[in-house]
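*Asks:* The number in my numbering is simply the position in the sequence shown, starting from 1, with 243 added. I am attaching a structure below and will ask some questions about it afterwards.
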Amino acid sequence: MEDNGGGLSSRGRFLMIETLFTQALGLVAPWQVEEVIFKPESGRIDFQVRFGAAIHACPACGAAAQPLHDRLARSWRHLDFFQFEAHLHAEVPRVACAGCGKVTQIAVPWAREGSRFTLLFEALTLMLAPTMPVLAAGRLLRVRSRRLWRVINHHVSQARVPNSPQSPSCSR
Ligand SMILES: [Zn+2]
Numbered sequence: 244m245e246d247n248g249g250g251l252s253s254r255g256r257f258l259m260i261e262t263l264f265t266q267a268l269g270l271v272a273p274w275q276v277e278e279v280i281f282k283p284e285s286g287r288i289d290f291q292v293r294f295g296a297a298i299h300a301c302p303a304c305g306a307a308a309q310p311l312h313d314r315l316a317r318s319w320r321h322l323d324f325f326q327f328e329a330h331l332h333a334e335v336p337r338v339a340c341a342g343c344g345k346v347t348q349i350a351v352p353w354a355r356e357g358s359r360f361t362l363l364f365e366a367l368t369l370m371l372a373p374t375m376p377v378l379a380a381g382r383l384l385r386v387r388s389r390r391l392w393r394v395i396n397h398h399v400s401q402a403r404v405p406n407s408p409q410s411p412s413c414s415r
């Protein structure tokens, strides 16, 4: 039955949904949402994100247009979409560089290296942190408070990195 999609085939509807979520997640080419798996009964929505290019600059030395070596599957918790827990999944390419000879994983634009959360999720965590105990924030976000502490500690330590030769003085 193709009569309830404004003339779109079911494939056309899927493409429209993927394009919409690619935009909603702020992804830019060559990253795009390849598949949206919505499971209302389990309260979650999963996005499979794809890197649609065969080359990338080497993250280690910056050499342009290096071939991809392989891809490693990773997942990130994202902000909820309404009451549904959202997760991003992607096979993140590693570049095999002819310039420096290193195999290096490329950075994804939605998360910092090593984090299991997207940057937007971390931003929400940092916004909540001063307003409530981390334990309560963890309950609200349905994340173990230990994992939230890791995010908070990372950003606090980043903020403490001195960016000028002048160290903070303890003037009285
Ligand atoms: Zn290189």
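Where is the CB? At the ideal position from N, CA and C, for every residue including glycine. Computed from a predicted model, the values in this text were never measured in an experiment.
1. So if I measure from each beta-carbon to every heavy atom of ligand 3 and keep distances below 6 Å, which residues remain?
2. Helix, strand or coil for S358? Go by DSSP, reduced to three states.
3. What residue range is occupied by the uninterrupted beta strand (DSSP E) comprising I260?
4. Beta-carbon separation of L367 and L384 under 9 Å?
5. Since I280 is in the beta strand (DSSP E), which residue starts that stretch and which ends it?
6. Taking Q291 as part of the beta strand (DSSP E), name the residues at either end of that continuous run.
7. So what does V436 bridge to, in DSSP terms?
8. Look at the Cβ atom of L322, then the Cβ atom of L369, and state whether they are nearer than 9 Å.
*Replies:* The answer reads as follows:
1. As presented, the structure is devoid of ligand 3, carrying ligand 1 as its sole ligands.
2. coil
3. Taken as a continuous stretch (DSSP letters only), I260 belongs to no beta strand (DSSP E), being part of the alpha helix (DSSP H) at S253 to A267.
4. yes
5. W274 to K282
6. R287 to F294
7. Residue 436 lies beyond the residue range present for the chain, which begins at 244 and ends at 415; the question has no answer from this structure.
8. no
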